[in-house]
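These notes concern the structure reproduced below.
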Amino acid sequence: MATKYIVTIDIRRIRQALHLTMSQMGMYISIYYKGLVKKAVPGTRVNEWEFGYRPVPDYVFTASANLLLDSWSEDRHRAPKGKRGEVDVYYATALNEPLGELFKVELALGESSCADQCDMYKRVRIARIAQQRYLENLLGVRMWYVFAEELGPEPSLDREDLYG
6 MATKYIVTID IRRIRQALHL TMSQMGMYIS IYYKGLVKKA VPGTRVNEWE
56 FGYRPVPDYV FTASANLLLD SWSEDRHRAP KGKRGEVDVY YATALNEPLG
106 ELFKVELALG ESSCADQCDM YKRVRIARIA QQRYLENLLG VRMWYVFAEE
156 LGPEPSLDRE DLYG
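Here it is, written out as structure tokens:
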């Protein structure tokens with residue numbers, strides 16, 4: 006199996022943001038990679054990946070990202086509308102620090118009433134959506150359901166309103 010060095014994704018940060026032990030993370034990686042698990046990835050292997058003793062297989066990045074996205078979606082849909090921005094910043098930062106920063110700036114600009122910042126808000130939003138699409142392509146995941154207001158089929162990917 007091919008391995009990737011996706012330096013923009015830190016599986017340790019994801020695991021810690023989800024408050025999982027290494028053993029729990031190994032179990033979830035197995036579930037997200039293969040479905041029902043007969044043999045979980047050992048916690049020691051997760052430790053070796055996190056500290057760079059072994060190269061991280063690409064499926065681990067994808068499984069970790071999907072696990073985080075599912076938790077993000079659940080927490081975001083449970084949060085009151087006024088708190089969703091904070092949820093987005095937390096999970097986006099766990100997935101990718103630059104994405105988290107874009108969410109943070111977008112949230113701050115969105116709360117401002119200054120007309121000059123309206124144009125800046127649009128630019129930051131475009132950058133944030135571009136970063137999300139980049140991560141989707143890199144990791145082989147979809148993020149649209151995190152921001153969906155209701156369940157249904159996946160909308161076409163050319164719509165910018167997909168991403169909140």
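For my numbering, add 5 to where a residue sits in the sequence shown, where the first one is 1.
Beta carbons are placed, not taken as given, at the ideal position from N, Cα and C, and that holds for glycine.
A quick note: this is a predicted structure, and the numbers were derived from the prediction, not measured.
Classification of residue i by the beta-carbon crowding that lies within 10 angstroms, buried from 16 upward
i	result
residue 21	exposed
residue 131	exposed
residue 124	exposed
residue 99	buried
residue 135	exposed
residue 87	exposed
residue 59	exposed
is_contact[residue i, chain D] using C-beta, thresh 8 angstroms
i	result
residue 123	Among the chains in the structure shown there is no chain D, since it carries only a single protein chain.
Sequence-distant residues of the same chain with beta carbon closer than 6 angstroms to residue i, five excluded per side
i	result
residue 64	38
residue 71	37 and 146
residue 109	94
Spatial neighbours of residue i in its chain, beta-carbon cut-off 8 angstroms, leaving aside the 5 residues before and after
i	result
residue 44	35
residue 76	23 and 96
residue 73	19, 22, 23, 96, 99 and 100
residue 104	97, 98, 133, 136, 137 and 140
Nearest-angstrom Cα separation, counted from residue j out to residue i
i	j	result
residue 13	residue 137	12 angstroms
residue 18	residue 106	15 angstroms
residue 111	residue 66	26 angstroms
residue 78	residue 118	28 angstroms
residue 174	residue 40	For the chain, the structure presents residues 6 to 169; residue 174 sits outside this window and is missing.
residue 151	residue 81	7 angstroms
residue 84	residue 33	24 angstroms
residue 144	residue 89	24 angstroms
residue 15	residue 68	12 angstroms
residue 148	residue 62	21 angstroms
residue 91	residue 142	25 angstroms
residue 116	residue 154	21 angstroms
Own chain partners of residue i with C-beta closer than 7 angstroms, once the 5 adjacent residues on each side are dropped
i	result
residue 102	none
residue 114	122, 125, 126 and 129
residue 31	45, 46, 47, 48, 50 and 51
| Any 3 or more C-beta pairs closer than 8 angstroms across the region 50-60 and the region 20-39 | yes
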